[in-house]
Each structure stands twice: as structure tokens, then as C-alpha cells.
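The opening position of the sequence shown corresponds to residue 1 in UniProt numbering, with each subsequent residue numbered one higher. Glycine included, each C-beta is placed from N, C-alpha and C at the ideal position. Everything below concerns the one structure shown next.
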Amino acid sequence: MQVMQQLNDMQMQESMNTYNNLVERCFNECVTSFRTKGLDGTEEQCVKRCVQKFMSFSQRVAQRFQEKQQQLGQKMATG
């Protein structure tokens, strides 16, 4: 049971790191002015594109990782 808790903790930490990296990257790329307390239209669209791009990239990396794991598993099973 302790191992599962450690794995859950590690997964939570990794998720938080990913989220923080996303926020920092998109903020630095998209927010150009502090004249108002909210995002203007251009900034909002930039943030949306940035998040979508980041999420697509993350999904692609996860997919490729899974493919490589399957290939490795097949190699180990066959010899």
C-alpha cells in the first residue's frame, strides 16, 4: 500500500510541475501588458493557442512513449 501512495505522490508532483511549466511558459509568451486586471482579447487568444499546443505536444510525447514501451516489451518477449 505504501508503494501505491508513493506512486500517487510522484504522479501528483509531476502533474503539478507540468501545470506550473505550462502556466509560466504561456504567461511569459502571451502577457505583454499589465494595464488591466484581465487579459485582453489578443492575450486570451494567445493563451488558448499556447495551452492547446502544449497539450497536443504532451499527448504526442505520451503516445510515443507508450509505443516505445510496447516495442521494448515485444523485444523482451521474443528474445
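Using only alpha-carbon positions, find the residue among the options that is nearest to residue i.
| i | options | result |
| --- | --- | --- |
| Asn28 | Gln52, Phe57, Val61 and Cys46 | Cys46 |
| Cys26 | Thr42, Glu67 and Gly73 | Thr42 |
| Ala62 | Gln2, Leu7 and Thr18 | Thr18 |
Residue i lies in the alpha helix (DSSP H); which residues open and close that run?
| i | result |
| --- | --- |
| Lys53 | Gly41 to Thr78 |
| Ser33 | Note, Ser33: premise wrong, no alpha helix (DSSP H); not H, not E. |
DSSP state of residue i, grouped into three classes?
| i | result |
| --- | --- |
| Met1 | coil |
*Taking three-plus beta-carbon pairs below 8 Å as touching, is the segment 43-63 in contact with the segment 16-26?*
yes
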